[in-house]
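Just so we're aligned, residue 1 is where the sequence shown starts under our numbering, counting upward by one. Quick notes on the structure that follows.
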Amino acid sequence: MIQLVYEHVQGKVAAGGLMVVLAAALLACQRPSIEPRPVNVLIITIDTLRADSLEPYGAADTLTPNIARFAEDGVVYEAATTPITVTRPAHSSIFTGLYPDQHGVLHNGYVLPEDVLTLAEILRGQGYQTGSFVGVRLLDRSSGLGQGFDEYDAPVERSQRRANKVVDSAIEWLGAADPAKPILMWVHLFDPHLSYNPPPAFRRGVDPELNRRLRHIRWNTLKEVVAENDGNVPAAVLEHARLLYRGEVEYTDRHVGRLLRTFDRQRDRSQSMVVLTADHGECFENGIYFTHQDCLYEG
1 MIQLVYEHVQ
11 GKVAAGGLMV
21 VLAAALLACQ
31 RPSIEPRPVN
41 VLIITIDTLR
51 ADSLEPYGAA
61 DTLTPNIARF
71 AEDGVVYEAA
81 TTPITVTRPA
91 HSSIFTGLYP
101 DQHGVLHNGY
111 VLPEDVLTLA
121 EILRGQGYQT
131 GSFVGVRLLD
141 RSSGLGQGFD
151 EYDAPVERSQ
161 RRANKVVDSA
171 IEWLGAADPA
181 KPILMWVHLF
191 DPHLSYNPPP
201 AFRRGVDPEL
211 NRRLRHIRWN
221 TLKEVVAEND
231 GNVPAAVLEH
241 ARLLYRGEVE
251 YTDRHVGRLL
261 RTFDRQRDRS
271 QSMVVLTADH
281 GECFENGIYF
291 THQDCLYEG
């Protein structure tokens with residue numbers, strides 16, 4: 001599965017991994033002849049995001065203007081691959097620079113061990129203010145990913161929350177942070193993950209009858225569809241799901257744009273590194289649909 005990675009920083013940065021890039025940036029700040037100026041770091045992870053659903057990767061029918069504009073000013077990695085197609089293990093790899101068999105998080109039920117060093121712990125040790133804002137309870141502090149984050153904001157009452165709520169919390173923290181100190185922000189948006197249920201304004205081209213009958217695409221509705229169709233998912237339902245998924249991606253793009261605009265007002269982009277990536281994609285082909293854990297294809 002292709003994992004998209006953008007980096008936006010003054011001067012083009014070419015490096016293999018997130019931990020390597022940020023470590024290099026920190027080391028550059030420690031050269032004796034240069035006054036240390038640590039860079040601000042914003043990491044945006046979008047859950048279950050197919051690379052080909054974004055304009056920079058050739059999407060023709062999905063509108064992601066904010067991510068496209070961001071990509072034009074940054075570095076686009078065209079051959080970045082997720083180490084595992086499962087949310088918690090993949091994020092554990094993003095924040096440790098380790099493969100799952102090294103950090104020990106092999107599935108969503110595993111917890112990142114306390115003795116595994118994270119990016120947030122490294123940067124907090126360098127005086128960074130650290131804040132994390134996630135869209136699903138699966139990634140709350142019980143996952144182990146809270147190590148090194150002073151602020152860790154995750155859903156409490158429900159298992160997940162919309163991008164607008166996550167970005168609202170992130171923006172509030174950003175406004176309250178000390179402008180004289182560098183920050184590490186992690187913002188995780190869960191919306192493209194099943195179930196697919198975009199707001200009405202993001203349901204372009206959806207069949208009105210299917211939209212009424214299958215307003216949400218989730219596992220229980222899919223089981224009902226399969227039971228009614230001799231174990232099959234009709235082509236019309238698959239296309240309906242694709243359109244709802246597209247709507248979720250477009251909705252997420254809107255709030256990515258809102259986050260980036262606010263970040264630019266609050267922090268100097270020339271002294272910041274912004275990374276946008278996915279933990280993994282989603283399968284809509286090769287006989288594997290509406291899932292990703294058993295899908296090792298390009299999707």
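Virtual Cβ for every residue (Gly too), placed ideally from N, Cα, C. Computed from a predicted structure; not experimentally measured.
Which one or two residues does DSSP pair with Trp-186 in a beta bridge? Ile-43 and Ser-132
With H, G and I counted as helix, E and B as strand and the rest as coil, what does DSSP make of Tyr-297? coil
Alpha carbon to alpha carbon, what distance is there between Leu-139 and Asn-367? Here the chain covers residues 1 to 299 and nothing more, so residue 367 does not appear.
Taking the CB atoms as reference points, tell me whether Val-136 and Arg-161 lie closer together than 9 Å. yes
CA-to-CA distance, Pro-192 to Ala-28, given in whole angstroms: Because the pLDDT at Ala-28 is just 49, under 50, the model does not fix this residue reliably, and the point stays unresolved.
In the DSSP assignment, what residue or residues form a beta bridge with Glu-151? Gly-131
State the Cα-Cα distance for the pair Gly-205 and Gln-129, rounded to the nearest angstrom. 44 Å
With the cut-off set at 9 Å, would you say Asp-333 and Ala-170 are in Cβ contact? With the chain covering only 1 through 299, there is no way to say anything about residue 333.
Taking just the CA atoms, how far does Thr-81 sit from Asp-207? Straight-line Cα distance between these residues: approximately 34 Å.
Determine whether the beta carbon atoms of Gly-131 and Met-185 lie at a separation below 9 Å. At a Cβ-Cβ threshold of 9 Å, Gly-131 and Met-185 count as neighbours.
Could you give the residue range of the beta strand (DSSP E) that holds Ala-278? 272-278
For Tyr-196, which residues does DSSP report across the bridge? Ile-217
Using the Cα positions of Val-116 and Thr-277, report the straight-line distance between them to the nearest angstrom. 22 Å
Which of helix, strand or coil does DSSP assign to Thr-118? coil
Tyr-110 by DSSP, collapsed to three states: which one? If DSSP states are grouped into helix, strand and coil, Tyr-110 belongs with coil.
Please classify Gly-229: is it buried, with 16 or more other beta-carbons within 10 angstroms of its beta-carbon, or exposed? The displayed chain sequence assigns Asn, not Gly, to residue 229. Counting Cβ neighbours within 10 Å, Asn-229 comes out exposed, since fewer than 16 surround it.
Pick helix, strand or coil for Gly-16, following the three-state DSSP scheme. Since pLDDT at Gly-16 reaches only 35, below the 50 mark, its modelled position is unreliable, and the value read off the structure follows with that caveat. If DSSP states are grouped into helix, strand and coil, Gly-16 belongs with coil.
Under the three-state DSSP convention, the category Thr-81 falls into: strand
If distances are taken between C-alpha atoms only, which option among Ala-59, Ala-227, Ala-235 and Ala-241 comes closest to His-216? Residue Ala-241 holds the alpha-carbon nearest to the alpha-carbon of His-216 among Ala-59, Ala-227, Ala-235 and Ala-241.
Determine the burial state of Ala-71: buried for a count of at least 16 other Cβ atoms within 10 Å of its Cβ, exposed for fewer. buried
At the level of alpha carbons, what is the spacing between Gly-247 and Arg-88? CA-to-CA, the gap between Gly-247 and Arg-88 works out to about 24 Å.
Taking the alpha helix (DSSP H) that Leu-238 belongs to, which residues open and close that run? 235-266
With which residues is Gln-160 paired in a DSSP beta bridge? Val-136
Which listed residue (Leu-238, Ile-67 and Leu-54) has its alpha carbon closest to that of Leu-260: The option with the nearest alpha carbon to Leu-260 is Ile-67.
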